[in-house]
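FYI, my numbering numbers position 230 of the sequence shown as 465, with every residue one higher than the one before it.
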Amino acid sequence: MALSGDADSIEKLRKAAWNASLQFQCEKRKDRIKRSLVGLTGDATFLERLDTKVNLLGFENGVYDLYLGVFRAGKPDDMLTFSVGYDYTPTVDKDKRAEVLAFIHSIFSNPDVEEYVLVITASCLHGYRRFEEFYFHTGVGRNGKGALAELLALVFGDYMGTIDTTFFTQPRKNSSGPQPELANKKGVRYLSAREAEDKEKIQVAKLNELTGGDPVETRGLFGKPFTYKPQFGIHFQFNALPKLSRAGQVASEERTRVVQYPNVFKANPAPHTNQRLADPDIKQVKVRSLEWRQQTMLLLLEVYHTKVKGQKALKPPLAVKQAALGCLEGCNPAKAWLEQNYFIDVTKTKDTTMRVLVRDLYARYKGAADVPVDQDSFNAGVEAVGVTKRKVSNMFWCGLRPLSDEEKVNMQANAENDEALECGLA
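Okay, structure coming up:
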């Protein structure tokens with residue numbers, strides 16, 4: 236909007252606007268202003284309603300509505316305090332977009348994984364967590380993981396949040412008490428956590444709680460408890476695969492996603508290897524440029540509307556599912572018990588000699604296993620192995636049968652021989 240009046244008046248207005256904007260860059264002042272607005276508006280629910288419209292994304296020059304797919308001027312009833320921190324532009328800069336895509340392509344060797352990363356990132360633009368998943372980004376060395384994370388932090392702006400990984404590695408002391416670490420995560424769409432200690436395990440119960448779509452209770456420092464529904468997708472940045480706790484639940488393949496960063500960036504990469512040519516301008520210049528932020532956002536919006544919106548699931552590529560098995564090992568007691576006691580062939584779904592009643596399988600597990608789990612968790616663990624349910628006259632697990640005593644003895648002998656070979660004793 237153009238300002239009218241004499242030069243001195245215009246300059247005073249500009250200074251006042253600039254000073255006001257500085258107030259909102261300080262979190263304490265911003266919170267103080269928000270609280271004062273409750274009294275000014277006479278609306279006791281004012282703070283609760285801020286940044287709760289999951290379909291809206293704030294830009295410096297307006298608001299993007301993900302439901303309608305339109306950019307428009309902001310309105311008071313949008314109730315937004317968050318912004319990505321830059322202007323929205325509808326114009327695709329082909330050269331800059333090509334640079335962004337080339338950067339992302341250089342990180343991933345598998346085009347399916349590359350596309351999947353764009354899809355799960357685009358899903359975080361919207362605050363409705365339809366997909367109850369959590370994501371681990373893994374890889375050691377100069378693999379582009381940090382540069383991509385830095386770019387996304389600048390693209391998401393206020394909608395990007397970070398949290399100490401210890402929040403996920405420590406069990407809750409009080410299952411019904413508020414969680415202060417989440418107090419400033421209301422409205423965040425993309426939540427990032429960094430490396431955990433080697434011996435620490437991610438508490439699956441916390442992940443399930445935060446990705447399940449239920450409200451969480453929290454409170455700020457010296458503040459009153461309040462609740463909100465998380466809008467964020469959870470992304471971990473780890474060098475190696477994490478360990479997951481059992482926590483009485485099964486971390487199944489339906490929730491856990493692992494994206495590997497296989498390439499290494501070098502000044503002089505060796506040909507025909509996973510080494511790629513390092514670009515010294517990526518982190519210091521390109522990632523921080525306004526053009527890259529705007530073009531990456533436009534790209535993500537396109538991906539959202541074409542590959543996320545309206546989808547009931549985000550199908551992971553095979554490489555992502557296989558990578559997830561590494562951290563799921565040991566977190567699925569049903570799987571370990573099945574492999575010790577049953578012959579499994581998931582292709583034989585119609586073989587009547589390869590099926591077990593659903594209720595019988597769980598009863599046998601309860602009578603023999605060391606790790607207690609409820610039936611829902613047990614069933615999820617069986618499904619994670621690839622075994623399917625079919626209803627004939629009753630509900631059956633298809634594709635498995637009990638091992639005979641002779642088969643168990645042979646399996647144990649083979650395992651001991653393999654162990655001896657590994658240790659150089661055979």
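All residues carry an ideal CB built from backbone N, CA and C; glycine is no exception.
This one's a predicted model, so the numbers in the text were calculated from it and none came from an experiment.
Pair within 8 Å by beta-carbon distance, residue i and residue j
i      : j      : result
Val335 : Gln530 : yes
Arg492 : Thr446 : no
Ala431 : Thr400 : yes
Gly634 : Thr584 : yes
Thr316 : Asp286 : yes
Val538 : Val354 : yes
Phe294 : Tyr321 : yes
Ala604 : Trp572 : yes
Trp662 : Lys329 : Coverage of the chain is limited to positions 236 through 661, which leaves residue 662 absent and any answer about it impossible.
Gly616 : Pro551 : no
Tyr668 : Val606 : No statement about residue 668 is possible, as the shown extent of the chain runs from 236 to 661 and does not include it.
Tyr370 : Gly468 : yes
Gly448 : Arg364 : yes
Leu426 : Thr453 : no
Leu360 : Leu535 : yes
Val289 : Gln557 : no
Leu518 : Glu385 : With the sequence shown as reference, residue 518 is identified as Lys, and Leu is not the correct amino acid for it. Yes; because the gap between Cβ atoms is below 8 Å, this pair is in contact.
Helix, strand or coil at residue i according to DSSP, with G and I counted as helix
i      : result
His427 : Residue 427 is actually Ser in this sequence, not His. Three-state result, Ser427: strand.
Gly616 : helix
Pro552 : coil
Tyr577 : strand
His361 : coil
Gln546 : coil
Val354 : helix
Ala661 : Any reading at Ala661 is ruled out, since the residue's pLDDT is 48, under 50, leaving its predicted position unreliable.
Pro568 : helix
Gln647 : helix
Gly394 : The amino acid at residue 394 is misidentified as Gly; the sequence shows Tyr. In the structure shown, Tyr394 sits in a helix (DSSP, three-state: H, G or I).
Val520 : helix
Leu456 : coil
Lys420 : helix
Lys583 : coil
Gln414 : coil
Met236 : Low local confidence applies: a pLDDT of 45 at Met236 is under 50, so the model's placement there is unreliable, with the coordinate-based value given in what follows. Reduced to three states, the DSSP call for Met236 is coil.
Lys436 : strand
Alpha helix (DSSP H) segment containing residue i, residue limits
i      : result
Arg599 : Val593 to Ala603
Glu537 : Leu525 to Val538
Gly381 : Lys380 to Phe391
Thr404 : Thr401 to Thr404
Whole-Å CB distance - residue i paired with residue j, under 8 Å assumed
i      : j      : result
His216 : His372 : Only positions 236 to 661 of the chain appear in the structure, and residue 216 is not among them; the question remains open.
Leu638 : Phe578 : 6 Å
Thr403 : Gln438 : In the sequence under discussion, the amino acid at residue 403 is Phe, which differs from the Thr named in the question. Phe403 to Gln438, Cβ: 6 Å. Contact.
Tyr463 : Pro450 : 6 Å
Gly362 : Arg407 : About 24 Å; that fails the 8 Å criterion.
Val499 : Gly376 : 5 Å
Leu291 : Asp312 : No, Leu291 and Asp312 are not in contact; Cβ-Cβ is about 11 Å, not under 8 Å.
Tyr496 : Gly422 : With a Cβ gap of about 29 Å, Tyr496 and Gly422 do not count as contacting.
Pro304 : Tyr323 : Per the sequence shown, residue 304 should be read as Gly rather than Pro. That belief does not hold up - the Cβ atoms of Gly304 and Tyr323 are roughly 13 Å apart, past 8 Å.
Gly381 : Ser341 : Incorrect: roughly 14 Å between the Cβ atoms, too far for contact.
Met630 : Val581 : The pair is not a contact, with the Cβ atoms about 17 Å apart (cut-off 8 Å).
Leu549 : Ser358 : 6 Å
For residue i, the first and last residue of its enclosing beta strand (DSSP E)
i      : result
Leu445 : That residue, Leu445, is in no beta strand (DSSP E); its alpha helix (DSSP H) goes Val439 to Thr446.
Thr204 : Not covered by the structure: residue 204. The range shown for the chain is 236 to 661.
Gly376 : Note, Gly376: premise wrong, no beta strand (DSSP E); not H, not E.
Pro637 : Leu635 to Pro637
Leu476 : Counting along the chain, Leu476 falls outside any beta strand (DSSP E), and DSSP gives it neither H nor E.
Thr623 : Thr623 to Lys626
Thr541 : Run containing Thr541: none; DSSP gives neither H nor E here.
Lys464 : Unbroken run through Lys464: none, as it is neither H nor E.
Val499 : Val499 to Lys501
Arg407 : That residue, Arg407, is in no beta strand (DSSP E); it is neither H nor E in DSSP.
Glu608 : Here the sequence assigns Val to residue 608, which means Glu is not the residue at that position. Premise fails: Val608 is in no beta strand (DSSP E) and is neither H nor E.
Thr491 : Thr491 to Gln495
Beta carbon proximity, residue i to chain B, threshold 8 Å
i      : result
Gly362 : Absent from the structure: chain B. Only one protein chain is present.
Query raised in the report: Which full runs of the alpha helix (DSSP H) of 4+ residues lie inside the segment 280-367, going along the chain?
Result: Entirely contained in the segment 280-367, the alpha helix (DSSP H) runs reaching 4 residues are, in chain order, 281-284, 329-342 and 346-358.
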